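> My questions all concern the structure below.
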Amino acid sequence: MRKKHVSVLLTLLFNLIALGLLLSPVWEYGFPLLYSDSGTYMAAAYDGIIPIDRPMAYPWFLRLSQFLFSMRFAPIAQGLLILYVAYVFVHIWLFPELKKWVSGLVIGLLALLTGLPHLVSQLMPDVFTGLLFFVVFLWTRKCELPLIHQIITAILILFLVASHTTHLLIFLLFYPAVVLAYGIFLKQGKPLYGAWIIAPALLIVPMINQWTDGRFFYSDSSRIFFAASLQTAGVMEPWLDKHCGDPEAPVFLCRNKEELRGKEGNYILWDSHILTDSACEQLGGWGYCWKLRNDELKPFMAAWWKDPESRQLWFQHALRATRAQILDFEIGFIKSQKEGSAPYSVLESRYPRMLEKYKASAQYFRDLHFDGKTKAQNRTVIISSILLIVLVLYGWMSSQWKKEWTLIILGLALFLVFNAFFCGVFSNALNRYQARVIWLIPFMTLCFSALFLSRLSKTKK
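Per numbering that gives the first Met the number 0, residue 0 is the first one in the sequence shown, and the count goes up by one each step.
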């Protein structure tokens with residue numbers, strides 16, 4: 000009984016220490032970290048209105064976690080979710096023989112060695128991308144979980160796929176791939192029993208939109224973002240040269256095709272008035288213009304891929320962008336959000352009590368650079384990748400290795416590729432997009448290290 004109490008106390012202690020380390024940027028800089036997109040999420044959380052360019056699930060998470068009282072509650076909730084999912088993944092499913100405090104120790108080490116604390120401390124849904132890897136495997140093997148954890152895992156899946164568009168896309172490829180792998184390589188049919196989750200995963204975003212706005216739809220801007228990615232890929236210019244004047248060619252793009260030459264996709268989105276000309280803005284403002292342009296792009300979306308040159312250009316870009324994104328996982332930096340920025344304006348108009356605390360934070364006064372942390376993360380990823388290969392060989396040579404573990408390691412590699420593909424191709428390759436999942440490599444390395452060390456110590460006794 001005493002050993003059990005000691006184990007519980009150690010588990011609580013390690014997890015509390017890990018939570019404190021995950022929140023270290025909040026303590027160090029004095030406020031949760033804000034990107035320009037954070038303003039959109041904060042405004043939607045306060046107003047209860049669906050953003051034009053973002054899903055509504057994360058704003059609802061902010062609303063529930065902060066209780067409109069303090070922005071610091073959201074990073075705490077994000078850190079607790081990381082700790083909970085890691086605990087269930089390691090101790091209830093994958094390695095139940097390990098001491099219950101190991102997952103807290105692993106997360107604490109990751110907080111020291113990687114950029115995970117910067118993900119937890121942001122008011123952004125990027126921290127949840129890595130959790131998708133865990134919950135897919137947990138759901139695939141849900142028959143091995145207690146009922147309460149099955150229910151929580153299902154809720155988490157629906158929340159995660161609804162919190163960011165790339166999460167849904169990754170899930171729709173990764174989950175079927177994992178289920179098929181279990182069926183083909185391990186001859187297990189039980190993972191198919193959970194396949195019903197795909198239906199609510201597909202419907203959760205339009206259902207949230209129906210509840211919030213009274214309309215059953217996915218997005219009022221998805222076609223715009225994809226058109227911008229085609230501009231970055233070099234597809235848009237030659238296609239417009241060929242097809243402007245055809246019924247499927249968007250008039251607003253043809254009208255500005257000379258202006259678009261040599262420009263990146265972000266020029267369409269943020270650096271020009273191509274989407275928001277004066278006539279359109281007079282009719283309904285910025286949001287109305289985006290909805291209108293999104294609808295005008297519908298015929299184009301059905302037509303561009305039929306052109307052989309466009310398909311070839313897109314595939315070439317997809318390979319380049321995915322490769323670039325896989326190799327770019329630095330933490331990056333965060334710009335100062337001063338007067339006139341979206342986050343500052345939202346704090347000023349909706350969260351005045353929080354504004355004064357933000358104005359006392361380090362981010363208000365300067366851009367935040369994480370060069371030292373990036374170097375530590377790069378070293379950690381390289382060393383842990385090599386060590387993971389060594390651990391696989393050790394487990395195989397000592398006859399401890401299981402086929403299911405091979406699927407998990409291969410699944411991790413596939414998950415990293417899927418994240419790189421969707422972020423690199425449908426946006427621009429940006430280091431923080433891959434940094435949001437790269438910590439999974441040292442996580443798995445530390446877990447396998449703990450397992451083999453634990454077994455080795457038992458054999459010596």
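From the three backbone atoms N, C-alpha and C, an ideal C-beta is built for every residue, glycine too.
All of these numbers come straight from a predicted model, not from anything done at the bench.
Taking CB distances under 8 Å as the criterion, tell me whether residue 257 reaches chain C.
The chain labelled as chain C is not found in the depicted structure, where only one protein chain is given.
> Who pairs with residue 32 in a beta bridge, going by DSSP?
Translated into positions along the sequence shown, residue 32 becomes position 33. DSSP output for residue 32 lists 121 as bridge partner(s).
> Identify every run of the beta strand (DSSP E) within the stretch 76-104, keeping only runs that are complete inside it and at least 3 residues long; order them along the chain.
For the stretch 76-104, not a single whole beta strand (DSSP E) run of length 3 or above is found.
> Between residue 122 and residue 35, which are expected to be in contact by the criterion C-beta below 8 Å, what is the C-beta distance as a whole number of angstroms?
By 1-based counting over the sequence shown, the position of residue 122 is 123. By 1-based counting over the sequence shown, the position of residue 35 is 36. Contact flag wrong, Cβ pair sits at about 11 Å.
> If you run the structure through DSSP and keep just helix, strand and coil, what is residue 318?
For the purposes of this step, residue 318 is taken as the residue at position 319 of the sequence shown. Residue 318: helix per DSSP, three-state reduction.
> Which full runs of the alpha helix (DSSP H) of 4+ residues lie inside the stretch 273-302, going along the chain?
277-295, 297-302
> Where does residue 272 land, buried or exposed, given buried means 16+ other C-beta within 10 angstroms?
Translated into the one-based positions of the sequence shown, residue 272 becomes position 273. Looking at its Cβ environment, which holds fewer than 16 other Cβ atoms inside 10 Å, residue 272 is exposed.
> Terminal residues of the continuous alpha helix (DSSP H) containing residue 306?
The residue you call residue 306 lines up with position 307 of the sequence shown. That residue, residue 306, is in no alpha helix (DSSP H); it is neither H nor E in DSSP.
> Report the rounded CA-to-CA distance for residue 367 versus residue 358, giving the unit in angstroms.
Along the sequence shown, one-based indexing puts residue 367 at 368. Along the sequence shown, one-based indexing puts residue 358 at 359. Straight-line Cα distance between these residues: approximately 14 Å.
> Would you check if the distance between the CB atom of residue 438 and the CB atom of residue 82 is smaller than 8 Å?
Against the sequence shown, residue 438 aligns to sequence position 439. Against the sequence shown, residue 82 aligns to sequence position 83. Pairing residue 438 with residue 82 gives a Cβ-Cβ distance that is not under 8 Å.
> If we ignore side chains and look at the alpha-carbon of each, how far apart do residue 389 and residue 220 end up?
Taking the first residue of the sequence shown as 1, we reach residue 389 at position 390. Taking the first residue of the sequence shown as 1, we reach residue 220 at position 221. Spanning the two alpha carbons is a distance of roughly 46 Å.
> According to DSSP, simplified to helix, strand and coil, what is residue 367?
Start at 1 with the first residue of the sequence shown, and residue 367 comes out as number 368. Residue 367 carries a strand assignment under DSSP once its states are collapsed to helix, strand and coil.
> Throw me the rounded Cβ distance for the residue 13 and residue 97 pair, which I believe falls under 8 Å.
The residue labelled residue 13 in the question sits at position 14 within the sequence shown. The residue labelled residue 97 in the question sits at position 98 within the sequence shown. No, residue 13 and residue 97 are not in contact; Cβ-Cβ is about 12 Å, not under 8 Å.
> Please state whether the Cβ-Cβ distance between residue 49 and residue 212 is less than 8 Å.
Residue 49 sits at position 50 when you count from the first residue of the sequence shown. Residue 212 sits at position 213 when you count from the first residue of the sequence shown. In this structure, residue 212 lies closer than 8 Å to residue 49 by Cβ.
> With residue 200 and residue 268 assumed to form a contact (beta carbons below 8 Å), what rounded beta-carbon distance in angstroms separates them?
As a first step, residue 200 must be located in the sequence shown, where it is residue number 201. As a first step, residue 268 must be located in the sequence shown, where it is residue number 269. About 27 Å separates the two Cβ atoms, so there is no contact after all.
> Indicate whether residue 39 and residue 435 have their beta-carbon atoms separated by less than 8 Å.
The residue labelled residue 39 in the question sits at position 40 within the sequence shown. The residue labelled residue 435 in the question sits at position 436 within the sequence shown. No, the pair does not count as a contact, with Cβ atoms beyond the cut-off.
> Within the chosen definition, does the stretch 406-421 reach the stretch 171-186 through at least 3 CB pairs nearer than 8 Å?
yes
> How do the stretch 134-147 and the stretch 189-207 stand: do at least 3 beta-carbon pairs fall below 8 Å, yes or no?
With three or more CB-CB distances shorter than 8 Å, the stretch 134-147 counts as touching the stretch 189-207.
> Going by C-alpha distance, which of 256, 226, 301, 399 is nearest residue 265?
Looking up residue 265 in the sequence shown gives position 266. Closest by alpha carbon: 226.
> Opposite residue 267 in the DSSP bridges: which residues?
As a first step, residue 267 must be located in the sequence shown, where it is residue number 268. For residue 267, which the question treats as bridged, DSSP gives no partner whatsoever.
> What do you get for residue 304, buried or exposed, if any count of 16 or more other CB atoms within 10 angstroms of its CB means buried?
By 1-based counting over the sequence shown, the position of residue 304 is 305. Per the 10 Å Cβ criterion, exposed.
> CB residue 232 to CB residue 312, shorter than 8 Å?
The sequence position of residue 232 within the sequence shown is 233, counting from 1. The sequence position of residue 312 within the sequence shown is 313, counting from 1. Yes.
> Tell me whether residue 456 is buried or exposed, calling it buried when 16 or more other Cβ atoms sit within 10 Å of its Cβ.
Locating residue 456 in the sequence shown gives position 457, counting from the first residue. Exposed: under 16 other Cβ atoms inside 10 Å.
> Tell me whether the beta-carbon of residue 330 lies closer than 8 Å to the beta-carbon of residue 384.
On the sequence shown, position 331 is the one that residue 330 refers to. On the sequence shown, position 385 is the one that residue 384 refers to. No, the Cβ-Cβ distance between residue 330 and residue 384 is not below 8 Å.
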